[in-house]
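Peer 1: Chains as they are written, first to last, in our numbering: chain A, 1147 to 1576; chain B, 1147 to 1576.
Glycine included, C-beta positions come from ideal geometry on N, C-alpha and C.
From a predicted model like this one, the values you see are computed outputs, not experimental measurements.
Here it is, written out as structure tokens:
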């Protein structure tokens, strides 16, 4: 039986682990694929860098473009970023290779170009590792749930921010201290912007929404708010509500089914929700569908070995397809639903206001909500003990559109009696 | 494009829902498959039974055998039980049809015959719905995790017993009351034997072990204990341990990798374990593997619509394979690992003894444990307040084999000072 020829692009944390697992499980993989695998080459930036790997040094090359054009069956791309990854993947496909990628940024930014190329050249493009690391998620959504209609996806898809928020929840610490702890333990990078500002989660939300709704969703379509403004006081409020706070990636089909939305922001979720007990650097994705009901997929969202596991799962599928002369189910965007802007998202809100402590203020505030069509569920007013003549007013609304809520908040800010809007937090998963 | 011809065997709760979803999602399914579906016939026991379905009455037939030989592309089997399901499935395959089944009993009892027939006739046999209902589990294990090495599977795979145990845990009620409640709410059948005695879970354990370890595991290979003996007092003990009690299906690879075990029994698991918060009729399966680490799959384990969702996911995959002239990855038993008997299973134990309340008893008991090579982790002795001269002794062991534990318990029972063994509970998931 001819070996399946594999080229690897990138040999960082994930790439190294891919090579290791290819070696450790060589026999198992051959049995599962039906043919042995041959690692033809590994494209790296620095050819002679010392590496903790027992492989023939001749496999390493800095000429990635030559590697992808060398009559390969499969190319594994774990470089990350837009370029040169995109050019290399397109070139690999043009030369007949199927592609396994872990590149969330590229897929969210320009997935359409890659999907089209895969279709054109009749090769596979699998990318399980791009969202929620080791958790088998994209293929279950794409394949197992393909006969169902997905309504909503709520995901904890960034381990760094979940670690920070879990620490804030458990210890009552502020964001700064929790971030420091995460950095010290290696859960946050030196520059944590991509994680804490929600860029990483937004790329994953774009991919999840696209697969869930059979619609093209780009990174630009995803509303994004980071979690750097979440305070210890927000956690205190959330506890009073029977909730915790998570940074969620939320993909929703509108109630009429005619459009979709995708967003990333911190939100309160009830402690009884399965996502509430997902702590530390773990990821979990909660899916609501018409027929299956409520499902959750849980596991490590990052790390070399877990990510490599997802890559190898894809690799086996792609190799089997190659050997049988078929391709797996490609990206499907047949539904072509429009992606609505954030203003049309409907949810509940928890709003903390600092107001003047005098009669009539609650009536004034309630009138503003009513004028903007935002219905109030509960209000809690509490005088401050500091003698400054201020009270704190916590309003939890019924479901309202983001646009109505923004209008309400703007009008509240212009009231003399409202000294400040301390926080606005969406409430999800109820 | 020619329609894909589908025959349906059985039109009970699941079958009815399959027909409904085929109708509701006809356009979506056609788009995802690449061809429309044609429901050619529905085999039922009673042709003219009134049904809550809007379908051509001519589709119903009592002659299932004629239906499966009518040039079908796919046969969906939701009759359940061994016969006539097996004969019909084998006949369908012989006539070139791929099969989607939800039949856990048949797959656990005689999967090998079905897998062999699927191989021989080059058709697919998919059965996602057979374990954990709607939860995409078998295909992720079989396909997404195929590049990884699964070490252990811990599953809550029976909703009825999980509902009962959750109620006992929450309310402190006994088994009888909780069962009554489950029956009243429709979570338990009139004859709950298959659920509460663990037969249903054992069939699922056999299927899970087979897929996880690429080894043939039959129902007879699965050790089984029901949960009818679990008492309110066991729950009190488990709370003192920081645990709850679940009926678990446990599939394990031995530490040396050379053999596997499969078993079903009630067990204490720590409250911090993700499975501990799976309550009510929900199912969840926790998977530990070399590379991916710890994963969990959660969702509804039964019910017409959820089970039908799993059937339709399989249907789409099987139809796509048909159209591309390929078959999916078949059952693989290449590892052929021996299945070890229960005596070789190694775990921890929580043992409650009623002993004479006098000096020297603890030393006697500890000697028996030592003589059988079972190392003690903690002991708690408590005099009874009833003045009967008895004390209760709770021993939690370190890891020991089931055979050693049984030997220990037998020897304890023969001690004069041991009045009775109140309960023995395994401790898992630590």
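Tell me, to the nearest whole angstrom, how far the beta carbon of residue 1502 (chain B) is from that of residue 1535 (chain B); I am working on the premise that it is less than 8 Å.
Peer 2: Confirmed, about 6 Å.
Peer 1: Output, in chain order, the set of chain B residues within a Cβ distance shorter than 8 Å of residue 1466 (chain A).
Peer 2: The contacting residues are 1475.
Peer 1: Per DSSP, which residues does residue 1585 (chain B) bridge with? Please list them.
Peer 2: The requested residue 1585 (chain B) does not occur in the structure, where chain B is confined to residues 1147 to 1576.
Peer 1: Give me, in chain order, the residues of the same chain whose beta-carbon lies closer than 6 Å to that of residue 1275 (chain B); leave out the 5 immediate sequence neighbours on both sides.
Peer 2: Excluding positions up to five away in sequence, the list reads 1248, 1453, 1456 and 1457.
Peer 1: Just to confirm my understanding: we take residue 1478 (chain A), look at its own chain, exclude 5 residues before and 5 after, and list those with CB closer than 6 Å. What are they?
Peer 2: Closer than 6 Å at the Cβ level, and outside the excluded window around residue 1478 (chain A), lie 1360.
Peer 1: Residue 1273 (chain B) and residue 1441 (chain A) look like a contact to me (Cβ under 8 Å); what is the Cβ gap, rounded to whole Å?
Peer 2: Actually they do not touch by this definition, with Cβ atoms about 18 Å apart.
Peer 1: For residue 1573 (chain B), which residues in the same chain have their Cβ closer than 6 Å to its Cβ, ignoring the five residues on either side in sequence?
Peer 2: Once the five neighbours on either side are set aside, the close Cβ partners of residue 1573 (chain B) are 1414, 1494 and 1496.
Peer 1: Assuming residue 1529 (chain B) is part of the beta strand (DSSP E), what are its boundary residues?
Peer 2: 1522-1529 is the extent of the beta strand (DSSP E) around residue 1529 (chain B).
Peer 1: In the DSSP output, what is residue 1444 (chain B) paired with across the bridge?
Peer 2: A:1442 and B:1430, per the DSSP bridge assignment.
Peer 1: Quick one: using the 10 Å Cβ neighbour count with 16 as the cut-off for buried, is residue 1155 (chain B) buried or exposed?
Peer 2: With 16 or more Cβ atoms within 10 Å of its Cβ, residue 1155 (chain B) is classed as buried.
Peer 1: Counting only C-beta atoms, is residue 1577 (chain B) closer than 7 Å to chain A at any point?
Peer 2: Only positions 1147 to 1576 of chain B appear in the structure, and residue 1577 (chain B) is not among them; the question remains open.
Peer 1: Which residues, taken in chain order from the region 1273-1305 of chain A, show a beta carbon closer than 7 Å to some beta carbon of chain B?
Peer 2: Residues 1274, 1280, 1281, 1282, 1285, 1286, 1289, 1290, 1291, 1292, 1293, 1294 and 1295.
Peer 1: DSSP on residue 1465 (chain B), reduced to helix/strand/coil?
Peer 2: Three-state DSSP puts residue 1465 (chain B) in a helix.
Peer 1: How about residue 1308 (chain B) and residue 1346 (chain B): do their beta carbons lie closer than 7 Å?
Peer 2: No, Cβ-Cβ distance for residue 1308 (chain B) and residue 1346 (chain B) is not below 7 Å.
Peer 1: Should residue 1575 (chain A) be flagged as near chain B, meaning a C-beta pair shorter than 7 Å?
Peer 2: So no, residue 1575 (chain A) is outside the interface.
Peer 1: I need the boundaries of the alpha helix (DSSP H) containing residue 1253 (chain B), first residue and last residue.
Peer 2: Here the alpha helix (DSSP H) through residue 1253 (chain B) covers 1250-1267.
Peer 1: Using Cβ-Cβ distances below 7 Å, what residues of the region 1159-1171 of chain A are close to chain B?
Peer 2: Flagged, chain order: 1167 and 1171.
Peer 1: Identify which residue in B:1198, B:1206 and B:1401 has its Cα closest to the Cα of residue 1191 (chain B).
Peer 2: It is B:1206 whose Cα lies nearest to the Cα of residue 1191 (chain B).
Peer 1: Please name the residue, chosen from B:1380, B:1517, B:1302 and B:1197, that lies closest to residue 1581 (chain B) on a Cα-to-Cα basis.
Peer 2: A query on residue 1581 (chain B) cannot be resolved here, the shown segment of chain B reaching from 1147 to 1576 and no further.
Peer 1: Going by alpha carbons, who is nearest to residue 1498 (chain A) out of A:1162, A:1543 and A:1325?
Peer 2: Here the closest residue by C-alpha is A:1543.
Peer 1: According to the neighbour-count rule (16 or more other Cβ atoms, all chains shown, within 10 Å of its Cβ), is residue 1577 (chain A) buried or exposed?
Peer 2: As shown, chain A starts at 1147 and ends at 1576. That puts residue 1577 (chain A) outside it, with no answer to give.
Peer 1: Round the Cβ separation of residue 1245 (chain B) and residue 1277 (chain B) to the nearest angstrom and send it over; I've been treating them as touching at under 8 Å.
Peer 2: At roughly 16 Å, the Cβ-Cβ gap does not stay under 8 Å, so residue 1245 (chain B) and residue 1277 (chain B) are not in contact.
Peer 1: Can you name the start and end residues of the alpha helix (DSSP H) that residue 1329 (chain A) belongs to?
Peer 2: Element bounds for residue 1329 (chain A): 1321-1330.
Peer 1: Could you confirm whether any beta carbon from chain B is found closer than 7 Å to the beta carbon of residue 1177 (chain A)?
Peer 2: Answer yes: the Cβ-Cβ gap between residue 1177 (chain A) and chain B drops below 7 Å somewhere.
Peer 1: On the three-state DSSP scale, how would you describe residue 1392 (chain A)?
Peer 2: Note: residue 1392 (chain A) maps to strand in three-state DSSP.
Peer 1: Answer yes if the region 1465-1484 of chain A comes into contact with the region 1218-1226 of chain A, meaning at least three C-beta pairs across the two stretches below 8 Å, and no otherwise.
Peer 2: Because the criterion of three Cβ pairs below 8 Å is met, the region 1218-1226 of chain A and the region 1465-1484 of chain A touch.
Peer 1: Just to confirm before moving on: does the CB-CB distance between residue 1408 (chain A) and residue 1342 (chain A) stay below 7 Å?
Peer 2: No, these two residues do not count as a Cβ contact at 7 Å.
Peer 1: DSSP state of residue 1498 (chain A), grouped into three classes?
Peer 2: Reduced to three states, the DSSP call for residue 1498 (chain A) is strand.
Peer 1: Taking residue 1329 (chain A) as the reference, which of A:1320, A:1306 and A:1312 has the closest Cα?
Peer 2: Per the Cα distances, A:1306.
Peer 1: Would you mind telling me which residues of chain A sit closer than 7 Å to residue 1462 (chain B), beta carbon to beta carbon, in chain order?
Peer 2: Chain A residues near residue 1462 (chain B): 1292 and 1293.
Peer 1: Could you tell me how far apart the beta carbons of residue 1263 (chain A) and residue 1239 (chain A) are, in whole angstroms, since I believe they sit closer than 8 Å?
Peer 2: At roughly 5 Å, the Cβ-Cβ gap stays under 8 Å, so residue 1263 (chain A) and residue 1239 (chain A) are in contact.
Peer 1: Would you mind sorting residue 1411 (chain B) into buried or exposed? The rule is 16 or more other CB atoms within 10 Å of its CB.
Peer 2: Under this definition residue 1411 (chain B) is a buried residue.
Peer 1: Can you give me the start and stop residues for the beta strand (DSSP E) that residue 1153 (chain A) sits inside?
Peer 2: Segment 1150-1155, the beta strand (DSSP E) holding residue 1153 (chain A).
Peer 1: For residue 1292 (chain B), which of helix, strand or coil comes out of DSSP?
Peer 2: Residue 1292 (chain B) falls in the coil class under three-state DSSP.
Peer 1: Can you check whether the C-beta of residue 1416 (chain A) is within less than 7 Å of a C-beta belonging to chain B?
Peer 2: Output row for residue 1416 (chain A): interface = no.
Peer 1: Can you pull out the residues from the region 1240-1272 of chain B whose beta carbon lies closer than 8 Å to at least one beta carbon of chain A?
Peer 2: Correct list: empty, as no residue qualifies.
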